[in-house]
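Working notes for the structure below.
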Amino acid sequence: MDNHQCKILVVDDSESDRFLLTCTLESLDNIEIIQASSGHEAIEKLSDNDFTVVLLDINMPGMNGYEVAKYISSVEDHKHTPIMMVTAQHASSQDVLLAYEAGAVDYITKPVVPLIVRNKVKQFVVIKQLQVKTDYLKSEHELILESAGQGVIKVNSDSTIQFINSKGSQLINAIPDKVVGTLFSQWFQRYHNDTIVEEDFFPTLYKQVRLRGSHQQREIRLNPQDRNNFPVEITCTVTQDYEESPMIILFQDVTERVILERRLLHLANYDPLTQLANRAYFHDTLMRAIARTKRLNCTMVFLMLDLDRFKLINDTLGHDIGDELLQSIALRLKSILRDNDMAARLGGDEFAVLIEDCTSVQEAEDVATRILVNIAKPLLVQGKEITIETSIGIACCENGEPNESILTKWADIALYAAKSAGRNTFQRFIPAMSEQAEQQAFIQNQLRLILESRAFNIYYQPQVSLIENRVVGFEALIRWPESGYGETPISPDQFIPIAEQSRLIQEIGEFVLIQACELLEHWQTMPDKKDLTLSINLSAKQLTTPNFLVQLDNVLHNYTFTPNQLIFEITETAVLDHSEDVINTLHTLKSLGFDLALDDFGTGYSSLNYLQNLPFDIIKIDQCFIQRLGNCKKTWALVEAIMTIANAFEMDVVAEGVEDLLQLNSVMTLGCDKVQGFYFSKPVPVNKIDESLSMDSLLSFTSRSSTVA
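Residues 7 to 715 (our numbering) make up the sequence shown, in order.
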């Protein structure tokens, strides 16, 4: 802008005078000199140019200088153009006054003094350049304000709006004239959670901005003309130059941002399927609730829920039905709880409930009872009536104790106790449960160590054919090492469920399988043992492992023996809890040539259905029935019915747990051929197998049975 080309008009009928003035001025920077020889020509030049200054001779033919000056001053576009009159040397004061009255701002006399003319014109050139620069900056600022994506207002210290840009007018939905002069509070109000907090908060805002120099604030709503209010963000600044400086406020519509932030906040804190709180949000709330119990000396209760056999529904009916079921469970939980209680989905089929300001433990148990009853009610999902139950663990926090980690652990322990108690019930945490949990943790840790050192013992219990009067096979049974892993050995009834819960059962099962395969391979070289069978137990957790069959094949391809010599035993409970996965695996095992035994028969829920639809070769009657034979007519009738069913399905039967002669004679009378139990032999280590096969034990059996007969 400092290099703006300024145009200077020299008007004189004397060519020599024009030439002299031109020569005098041409040394100035950034100027262009235009000449006119008459008043009329000067006026023509004005129509096409914007002159910085006009040097105008007075005495000219036609229009004299006074007339030209008056004309220039009367034209809107040129009325502020500076005019320097060029007068005769002996001009009277009257001539000078006439020049000023005509619109001149200065005058010079002929003959001109070059230095004086040059300096006077130079001042007008400088002024013009400054004016151009100022106009440019002003237009630039206005352009910036108008093109800004935010509304801009200038507000006096008394809350009156002095200026508003186009974007601001658009947001307020009113022309600038309707806004300027109005009060800030007419358009802007402070809200919190959709409720007005302070209608006229400008005085407070002004004080804050005066102290800090700038300020940004949310939770402001704009009340536009003839439209609904919407959230805006304002950024305020004020100069510190004087006490009542006006404040500049930038504001923008943040409706979409607020919606997005709320959506992101919801996604971060809530489960997308059930719309309950997610694990992270629940535990944040739990920590705040614990702190509150300490502050107010009150009680809070944490309920942990796990749906019983949900996986069975997911596997048999499909995940879409499973998802709808979870949504229905969530709705039922919400309907049961108070507004200030919280329900959350921790993951999968695991839920949690937080009850604050609980008056008593009984109140928590009442809530748990309502949850059990409501969830157990049948649900209609995609035209299918589904009934599902839940187990609940309850843990209480009083006066800030225990902390979040321990409270969660307590609830988890209580939930495990509820499941162990038969499911569809609740258990409240008591200290004794913690001792039990510590014991379980100890067992789990020891299991890992035993697996690493391959220190498990495998014992083998013979299965005797009463018709053939010989041992026809063995069942492989895993046992805890006698020493080195705790003070006393732990029974399989204790460590197998823990292994299943911790997923260590896959490694244990693989260990037993390898031992069994090695033994069967070894027997193939021994005429008296090459026809023996060997049974191993399969856990439901093993059968439902995605790569179970691959792992099995990886082990079996290292050994050579007839597949039906290896018998896999599966309990009824395993089939019940994981029907689809287990059934598919069982059919695959059968197609590979292995024999299948249904273990603990009679203790499940749908035994006859399994016999009809699953490829079992052997039924193993549970020892709880065998040990009541001879003493209970109902048990006798049940076992007799089992034998009839087995014959109809052409299945072998093994009587488990035969411990005395009465039980032996009973199963013989009922037509059961194969027997397993302490009467013949306890489980023995591998180096005692030969003794179990000796004729002495069978001769002893023969003599005992003949004596009884």
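For every residue, glycine included, the Cβ atom is placed at its ideal position computed from N, Cα and C.
These numbers were taken from a predicted model, which means no experiment stands behind them.
Local conformation of L544 per DSSP, three classes: coil
Which same chain residues, not among the five before or five after L421, have their C-beta less than 8 Å away from its C-beta? For L421, where only same-chain residues beyond five positions count, the Cβ hits under 8 Å are M310, L311, D312, S397, I398, G399 and Q433.
Do R460 and L510 have their C-beta atoms closer together than 9 Å? no
Distance check for I78 and D18, CA to CA, integer angstroms please. 16 Å
With respect to the beta strand (DSSP E) encompassing L386, which residues constitute its N-terminal and C-terminal limits? L385 to V387
Beta-carbon spacing of V307, C364 below 9 Å: yes
Separation of L604 from A580, as counted between CA atoms: 10 Å
Where R24 and K134 are concerned, what is the direct C-alpha to C-alpha distance, given to the nearest angstrom? 22 Å
Taking the alpha-carbon positions, what's the I576 to K425 distance? Looking at the two C-alpha atoms, the distance is approximately 21 Å.
Please classify E107: does DSSP put it in a helix, a strand, or coil? In the displayed model, E107 falls within a helix according to three-state DSSP.
So, with DSSP's three-state summary, where would you put S43? In this structure, S43 counts as coil in the three-state DSSP scheme.
Is DSSP giving C630 helix, strand or coil here? Reduced to three states, the DSSP call for C630 is helix.
Spell out the partners DSSP gives L15 in its beta bridges. I40 and V60
Output needed for M649: all residues of its chain with C-beta closer than 7 Å, excluding positions within five of it in sequence on either side, in chain order. Around M649, the same chain offers V659, L676, G677 and C678 as residues with beta carbons nearer than 7 Å, after the five sequence neighbours per side are excluded.
Looking at the ligand ZN, does it come within less than 8 Å of K415, judged from the CB to the closest heavy atom? The ligand ZN is not among the ligands present in this structure, which contains no ligands whatsoever.
List in chain order: all unbroken beta strand (DSSP E) runs of 3+ residues lying wholly within the segment 195-281. 201-204, 220-228, 236-244 and 253-259
Exposed or buried, A715, counting other C-beta atoms within 10 Å across all chains shown (16 or more means buried)? Residue confidence is low: A715 scores 35 on pLDDT, short of 50, so the model does not pin down where it sits. Its coordinate-derived value is still stated next. It counts as exposed.
Indicate the three-state DSSP secondary structure (helix, strand or coil) for F316 in the structure shown. helix
K340 to A349 span [Cα, whole Å]: 7 Å
With a 10 Å radius around its C-beta and 16 neighbouring C-beta atoms as the bar for buried, classify T708 as buried or exposed. For T708, the predicted structure reports a pLDDT of 48, less than 50, and the residue's modelled location is therefore unreliable. The matter cannot be settled from this model.
Could you tell me which uninterrupted alpha helix (DSSP H) segments, each at least 4 residues in length, are contained entirely in the segment 433-461, listed from first to last along the chain? 437-459
Answer yes or no: do V373 and I361 have a C-beta to C-beta separation smaller than 9 Å? yes
Beta-carbon proximity of H46 to G68, cut-off 9 Å: yes
Spatial neighbours of V367 within its chain, please: CB distance less than 7 Å, with the 5 preceding and 5 following residues excluded, ordered by chain position. C402 and R434
Can the beta-carbon of F600 be found less than 9 Å from the beta-carbon of P569? yes
Candidates S489, L177, F169 and K694: closest to L189 by CA position: F169
Helix, strand or coil at P487 according to DSSP, with G and I counted as helix: coil
Considering only DSSP beta bridges, list what V659 is partnered with. I625
By a C-beta neighbour count over all protein chains shown, 10 Å radius and 16 as the cutoff for buried, is D537 buried or exposed? With fewer than 16 Cβ atoms within 10 Å of its Cβ, D537 is classed as exposed.
Give me the Cα-Cα distance between I392 and L282, rounded to the nearest whole angstrom. 22 Å
So A603 is in the alpha helix (DSSP H); what residue range does that whole segment cover? Careful: A603 lies outside any alpha helix (DSSP H), inside the beta strand (DSSP E) at D601 to F607.
Beta-carbon within less than 8 Å of A370's beta-carbon, same chain only, minus the 5 sequence neighbours each way: which residues are those? V307, L309, I361, C364, I400, C402 and R434
Among S191, S489 and P503, whose alpha-carbon lies nearest the alpha-carbon of V203? S191
Sheet register partners of R351 (DSSP bridge): F357
Looking at C-alpha atoms only, which residue of A295, F574, L211 and L62 is the closest neighbour of T93? L62
Paired residues, beta bridge with N463 - DSSP: R485
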